[in-house]
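Here our numbering is used: the first residue of the sequence shown is 5, the next is one more, and so on.
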Amino acid sequence: MLNRTLRQKLPSKATVLQQPGLRHLAHLFGDARLWSLNRRTVSRGLAIGLFWTFVPIPLQTIPAALTCLVIRGHLPIAALIVWISNPLTWFPLYGAAYLFGAWVLGQPIPDLSTVDLAWMKGQLVTLWLGCMILACLFSALGYLLGHALWQLRV
Numbered sequence: 005m006l007n008r009t010l011r012q013k014l015p016s017k018a019t020v021l022q023q024p025g026l027r028h029l030a031h032l033f034g035d036a037r038l039w040s041l042n043r044r045t046v047s048r049g050l051a052i053g054l055f056w057t058f059v060p061i062p063l064q065t066i067p068a069a070l071t072c073l074v075i076r077g078h079l080p081i082a083a084l085i086v087w088i089s090n091p092l093t094w095f096p097l098y099g100a101a102y103l104f105g106a107w108v109l110g111q112p113i114p115d116l117s118t119v120d121l122a123w124m125k126g127q128l129v130t131l132w133l134g135c136m137i138l139a140c141l142f143s144a145l146g147y148l149l150g151h152a153l154w155q156l157r158v
């Protein structure tokens, strides 16, 4: 049932690879394993997408797609999951990551009225630490959740 639903909702390999900007990459992304719906590829796609969601860089879909090439995750799922991180969700995602990083490092939480750009530049280590820990944690949880849901629903 889950397999059928995913097949209906996700774009096909041919549809995606015929897009004008992706035609020249078809030899890389044409591998059937990147588009195959099975427990392993879907779980890997979830893990990859969730990992890159928490990495505060622009164009997260590109490293997610490249990671799918390396570890054979489901490319459409990884690309869709990465879009959890968007301008509307940046503040909650990266705010939570910063707070988590501050908690891990034992740093005090600042008063928001005193926060300025100079202060933010000094907090990049805290933000990145929080992002990397949450990326690994959510990635692992996504992988396990993908396996569990697949066994329950397929």
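Heads up, the beta-carbon is just placed ideally off N, CA and C, and yes, glycines get one too.
Here the structure is a predicted model, which means the values were calculated and not measured.
Rounded to a whole number of angstroms, what is the C-alpha to C-alpha distance between residue i and residue j?
| i | j | result |
| --- | --- | --- |
| Leu73 | Thr130 | 30 Å |
| Tyr147 | Ser47 | 5 Å |
| Gly105 | Cys135 | 8 Å |
| Ile52 | Val86 | 8 Å |
| Leu41 | Leu156 | 15 Å |
| His151 | Ala144 | 11 Å |
| Leu116 | Leu138 | 23 Å |
| Pro96 | Trp154 | 29 Å |
| Ala112 | Ala69 | In the sequence as presented, Ala is not what sits at residue 112; that position holds Pro. Between Pro112 and Ala69, the C-alpha separation is close to 37 Å. |
| His28 | Trp94 | Low per-residue confidence applies at His28: pLDDT is 48, beneath 50, and the placement is therefore not dependable enough to give any value. |
| His31 | Leu63 | Here His31 scores only 47 on pLDDT, less than 50, and its place in the model is too uncertain to base an answer on. |
| Leu149 | Trp107 | 26 Å |
If you check the beta carbons only, do residue i and residue j fall under 8 Å apart?
| i | j | result |
| --- | --- | --- |
| Thr45 | His78 | yes |
Which residue wins for smallest C-alpha separation from residue i, given the options the options?
| i | options | result |
| --- | --- | --- |
| Gln127 | Ser143, Leu109 and Leu54 | Leu109 |
| Ala83 | Leu50, Trp132 and Thr118 | Leu50 |
| Arg76 | Arg43, Met124 and Lys125 | Arg43 |
| Pro91 | Ile61, Lys125 and Leu149 | Ile61 |
| Leu103 | Ile88, Leu133, Phe55 and Thr65 | Leu133 |
Should residue i be labelled buried (16 or more other beta-carbon atoms within 10 Å of its own) or exposed?
| i | result |
| --- | --- |
| Gly160 | Nothing about residue 160 can be read from this structure; the chain reaches only from 5 to 158. |
| Phe142 | buried |
| Ile81 | buried |
| Thr71 | buried |
| Ala101 | buried |
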